[in-house]
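This report refers to the structure that appears directly beneath it.
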Amino acid sequence: MESRNLPQSQREIALRRAISTIYYGVFWKLRERLLRVSFPEAYPLMEELKRLREMADYQKDWKPDLKKFRRVKNLAN
Numbered sequence: 105m106e107s108r109n110l111p112q113s114q115r116e117i118a119l120r121r122a123i124s125t126i127y128y129g130v131f132w133k134l135r136e137r138l139l140r141v142s143f144p145e146a147y148p149l150m151e152e153l154k155r156l157r158e159m160a161d162y163q164k165d166w167k168p169d170l171k172k173f174r175r176v177k178n179l180a181n
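Counting in the working numbering, the sequence shown runs from 105 upward without gaps.
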């Protein structure tokens, strides 16, 4: 199978969208936990996720921070 070669700008947009989607999914998992149980430590995490997602979606010069990205992914577990 031949892989598609995308221009650099399209690869960056695809990466930003993928990261944004993961942040969005984790945000909703945390929201579900909050609705089930009082989970006060999740409130600041949700605000951070919201901010990171907005940055990934709207800032052209935004670069993913691997350490933060891994921390966010681990929140969903």
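Beta carbons are placed, not taken as given, at the ideal position from N, Cα and C, and that holds for glycine.
- Distance from the CA of residue 137 to the CA of residue 150, rounded to the nearest whole angstrom, comes to 11 Å.
- Contact between residue 126 and residue 168 is absent: CB atoms are separated by about 10 Å, not below the 8 Å threshold.
- Per DSSP, reduced to three states, the secondary structure at residue 111 is coil, with no helix or strand assignment.
- Distances from the alpha-carbon of residue 156 to those of 121, 116, 115 and 113 put 121 closest.
- Here residue 131 is near residue 154, since their CB atoms are less than 8 Å apart.
- In the displayed model, residue 165 falls within coil according to three-state DSSP, outside both helix and strand.
- Of the residues assessed, residue 119 falls on the exposed side of the cut-off, its CB having fewer than 16 other CB atoms within 10 angstroms.
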